[in-house]
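Encoded as structure tokens, the structure appears first; notes follow it.
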């Protein structure tokens, strides 16, 4: 088992390295960071302007070849934990990215957890009661969730939250940011209420992205296992229906869900971009969009590096978990 | 039509040794194209300790009828008739009640050992689980029983093997594990559904041997379902031949093998290679394919493939009627005539020159 | 030897024993195929939601591409505004004259028809290019195996480590936001998903007898890939293509929302709801109508895809209830 884990970890490293290269190319293709200078109307002479542009390009290493730039970027992170300067201003790219990441991680993780739990419950019920009213209803709902533009639903939900706030005369549902500004109640209970109030709506939006797909998957996987020979043998042994369902059907049916969930983490991070934008959270999504508009390439590189690491890490965890849950993989 | 000596159900009921009584069992499945009549009124009785074989081509309903006995058919199956175990009616029993019987009193062995075992649990766990299902014993005791069972079915180093996962064992080994599971609670009946079909020929004999050991060990009655008459010959005392969802011939192995009364049985026997026949003997295939069980036409379902069919066969489906002897019955209008015909003669081969002096 | 080899491969030899057989098998195949398609059609027709969705989808296509010729407002045409409660001129709410109301310049029904049409075009483009590229990717990868396979599949894995919205936005940033460019970018982002699925199918087909047979007859790699493997992935591709239409519409919408999608003067449903999101409170029709059309397209296509899966994937046979 230890060998299995070590091997999987080692396989992830080249994937991560390749991913940083791909990331670098994409950021390079996304635009010229100095466009803002080149298009700016200025009173200075053309030569002076060009000199300043050249100076900036030199400062940001833009006048070097791509491989040199790449190496400069990645080695600075690895050796000095220096994520490079922003195109303008003096912000620290690393701390910007990690602050934003903390905010987004909370949203994404809670959404995944809730979506997974609900998906498994409804997926299993749908499979066990195939072609029942419950099955048809959850299937229809799943399809509707799958067919709704995330931000359209987010805006709808935001309106809904505001209406409820109006009716009840409270400010429970926060629709702007991840905390109230200014924070009025500093007690633990007050903070918790504030955090939860701000989290509910975005979590529902983001959770639905995963829920729709995962409940469909659970249903299909469960149906397949319920019709399998080994479930039939388990029944013919005289195990109680409950034991057959949980120990033999559910346990085996859920194994492939680990992989699917891990693969969808990237999609959820994408969904977070939209969700955060609607609810004006200052997380990864907002950071990325601002950076992309300004072609603030070090921020984008940092963003993509963190995201890719997260996705690869989730896939690694899923791989290992798969190995723990399915002996066939472990011994392979 | 003569209704001479129809096999009497009430008489069967009274049989004190009767363990499992299947009476007029009918199973149908609604499908896209209509209702498939998989089993059409099957009746048989299994007595304690005896071994009965059910023979038929795939699709003849032999597996479906045994699944119906185990209560393992999918929910969309429509079942009617009666299955009584020690006098208790099983059809319509709820899942919890059924669970108490399964594995405990009636056990089953399935066709494909490669998919029968759950891939994520050790075989020791899966055997112990069967013990636990019906007996309040410690984990240790159940595992010890698992080791003992593996030893009985002929798996070497059972103490180590219990920690193996199914994928680490060969097909033959896995089928032995399934047999061990079936015998775990000393059941009264073991139903083996094509237990050797998915296995290599060389392994088949070993698995059958393990099955035989299991029977001796538990004293259980055996229902051996197969399309392979060779398997039946050595392991069953009585035979029921199934065709198109019905029993078409029943009797002792002797009777059915040597004095078949139904052209289909005769055809099956003719297509079996035999060492006791003369060198130039050709196999006699039955031409055609079994009928679709969807919208069966009236009449005997074997008519299109039957060389001695007459007009009546197209009109009336013959009932399973006694031919001679105690239990020998056949569903053929001409059952008395069939007795005198040889397979080669009936189905025709080039080498049909030797006399029908089939050994008696 | 080599000659026979060639003729067998192409099947052009006018007579002789080599030709009889292929034509015979071919006839058998077409007969069987027609039967399979008939069965698939019957299974599809029994999926009620899929049939209803197909009708809805056809109506949506007509709405987008035919109705504009009959509607008395054009999407380019300025309309007179209505007097608001505060006495100022502003967007009209839905009425007989403007069933979908108006925004501050145009008839919303005409604009929605235009948006639906443009969105459908993008979606079809994504589905066609994405499926095509993904199929090629998957077939080559699965067929050659080994080094080619691991390189191509690792590349797919890499693309999948980046949130596709971020990837598409980054690539679209410099391009100016034309419909074709956005479609191609989103197709490129979707291709690795298709490639994975197709590769899986090809891997299972590769060892099958008919591929062995083709190889034994001396068929070239290209021929095996495009004449034998690719046609057998069509059911999977068809299902995937429908799902890509739905995902494409949604992806284009999301991209428009974050500001990197199709740019005006061109439009799409995504552009419409993004520009009108501020109106949700005061002129809700501007926000709801385009949104409902997106849902209608995506939902109907998703159901059609589900029906196709039922119809084309014989493993998932549905028993009748």
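Residue numbers (my numbering), protein chains in the order written: chain A, 697 to 1028; chain U, 18 to 377; chain D, -2 to 318.
We put the beta carbon where it would ideally sit given N, CA and C, even for glycine.
Because the structure is a prediction, the values reported are computed rather than measured.
Short CB-CB distance (under 8 Å) between residue i and chain U
i	result
residue 926 (chain A)	yes
residue 1022 (chain A)	yes
residue 944 (chain A)	yes
Range covered by the alpha helix (DSSP H) that runs through residue i
i	result
residue 714 (chain A)	698 to 725
residue 61 (chain U)	Note, residue 61 (chain U): premise wrong, no alpha helix (DSSP H); beta strand (DSSP E) at 51 to 64.
residue 894 (chain A)	884 to 922
residue 243 (chain U)	Segment 238 to 243 is the beta strand (DSSP E) holding residue 243 (chain U); no alpha helix (DSSP H) there.
Cβ of residue i within 8 Å of any chain D Cβ
i	result
residue 840 (chain A)	yes
residue 988 (chain A)	yes
residue 748 (chain A)	no
residue 715 (chain A)	yes
residue 904 (chain A)	no
residue 997 (chain A)	no
residue 740 (chain A)	no
Short CB-CB distance (under 8 Å) between residue i and chain A
i	result
residue 171 (chain D)	yes
residue 155 (chain U)	no
residue 152 (chain U)	no
residue 135 (chain U)	yes
residue 121 (chain U)	yes
residue 89 (chain U)	yes
residue 28 (chain D)	Only weak support exists for where residue 28 (chain D) lies, its pLDDT of 45 falling under 50; the coordinates are left without a value.
residue 102 (chain U)	no
residue 25 (chain D)	Low confidence applies to residue 25 (chain D): its pLDDT is 38, below 50, so where it sits in the model is not reliable, and the reading given next is rough at best. So, not an interface residue.
residue 213 (chain U)	no
residue 195 (chain U)	yes
residue 304 (chain D)	no
residue 184 (chain U)	yes
residue 320 (chain D)	Any answer about residue 320 (chain D) is impossible in this case: the structure gives chain D only from -2 up to 318.
residue 165 (chain U)	no
Opening and closing residue of the beta strand (DSSP E) in which residue i lies
i	result
residue 266 (chain U)	263 to 269
residue 71 (chain U)	68 to 72
residue 40 (chain U)	35 to 48
Where residue i meets chain A, residues with beta-carbon distance less than 9 Å
i	result
residue 53 (chain D)	Within chain A, no residue comes near residue 53 (chain D); the closest Cβ sits about 12 Å away, beyond 9 Å.
residue 118 (chain U)	934
residue 291 (chain D)	843, 844, 845 and 848
residue 195 (chain D)	None at all; the shortest Cβ gap to chain A is about 17 Å.
residue 86 (chain D)	Those do not exist, as residue 86 (chain D) stays about 26 Å from chain A at its closest Cβ, beyond 9 Å.
Classification of residue i by the beta-carbon crowding that lies within 10 angstroms, buried from 16 upward
i	result
residue 143 (chain D)	exposed
residue 699 (chain A)	exposed
residue 105 (chain U)	exposed
residue 842 (chain A)	buried
residue 884 (chain A)	exposed
residue 85 (chain D)	exposed
Chain A contact residues for residue i, given Cβ-Cβ distances below 8 Å
i	result
residue 161 (chain D)	962, 963 and 966
residue 83 (chain D)	None at all; the shortest Cβ gap to chain A is about 21 Å.
residue 250 (chain D)	845, 847 and 848
residue 112 (chain U)	937
Amino acids of chain D, ordered along the chain, whose beta-carbon sits closer than 8 Å to that of residue i
i	result
residue 726 (chain A)	167, 168, 170 and 171
residue 985 (chain A)	166, 255 and 256
residue 722 (chain A)	159, 164, 167 and 168
Listed by chain order, chain D residues near residue i by CB distance under 9 Å
i	result
residue 1003 (chain A)	158, 159, 160 and 163
residue 959 (chain A)	157
beta-carbon residue i near the ligand ATP non-hydrogen atom, thresh 7 Å
i	result
residue 72 (chain U)	Although the ligand ATP was asked about, the structure shown includes no ligands whatsoever.
Closer than 7 Å at the beta carbon, the chain A residues around residue i
i	result
residue 70 (chain D)	In chain order: nothing, as chain A lies at least about 25 Å away.
residue 350 (chain U)	Ordered by position in chain A, no residue passes the 7 Å Cβ test against residue 350 (chain U), which lies about 39 Å from the chain.
residue 276 (chain D)	By Cβ distance, chain A contributes nothing, its closest Cβ being about 10 Å from residue 276 (chain D), past 7 Å.
Nearest-angstrom Cβ-Cβ length linking residue i and residue j, presumed shorter than 8 Å
i	j	result
residue 167 (chain D)	residue 1002 (chain A)	At roughly 15 Å, the Cβ-Cβ gap does not stay under 8 Å, so residue 167 (chain D) and residue 1002 (chain A) are not in contact.
residue 796 (chain A)	residue 980 (chain A)	5 Å
residue 199 (chain U)	residue 125 (chain U)	7 Å
Chain-ordered chain D contacts of residue i [CB-CB under 7 Å]
i	result
residue 973 (chain A)	255
Contacts of residue i in chain U (Cβ-Cβ under 8 Å)
i	result
residue 948 (chain A)	135, 136 and 137
Cutoff 8 Å: residue i Cβ touching any chain E Cβ
i	result
residue 931 (chain A)	Protein chains A, U and D are contained in the structure displayed, whereas chain E is not.
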